[in-house]
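In what follows, a structure is listed as structure tokens, so that the remarks can point back to it.
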């Protein structure tokens, strides 16, 4: 398990400032680990994490 902030800082640091603290603290489970992840995969994870955070915000 890894924090989204670690993924972003390693593969897409230009996105870091656009994410909320709650999004950056989100825990991510990577099936094949960080070594097999590329920038496109990181962007997909960021998009999904934002979507999940928005769903939670709407429900509350």
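Numbering (this note's numbering), first residue to last: 4 to 63. All C-beta atoms, glycine included, are put in the ideal place defined by N, C-alpha and C.
CB of residue i within 9 Å of CB of residue j, strictly
i: residue 5; j: residue 45; result: no
i: residue 56; j: residue 25; result: yes
i: residue 8; j: residue 22; result: yes
i: residue 40; j: residue 33; result: yes
Residue burial classification, residue i (beta-carbon count within 10 angstroms, cutoff 16)
i: residue 48; result: buried
i: residue 20; result: exposed
i: residue 52; result: buried
Distance between beta carbons of residue j and residue i, contact taken as under 8 Å
i: residue 42; j: residue 59; result: Rounded, the Cβ-Cβ distance is 26 Å, inconsistent with contact.
Alpha helix (DSSP H) runs wholly inside the segment 5-43, at least 4 long, in chain order = 7-14, 24-27
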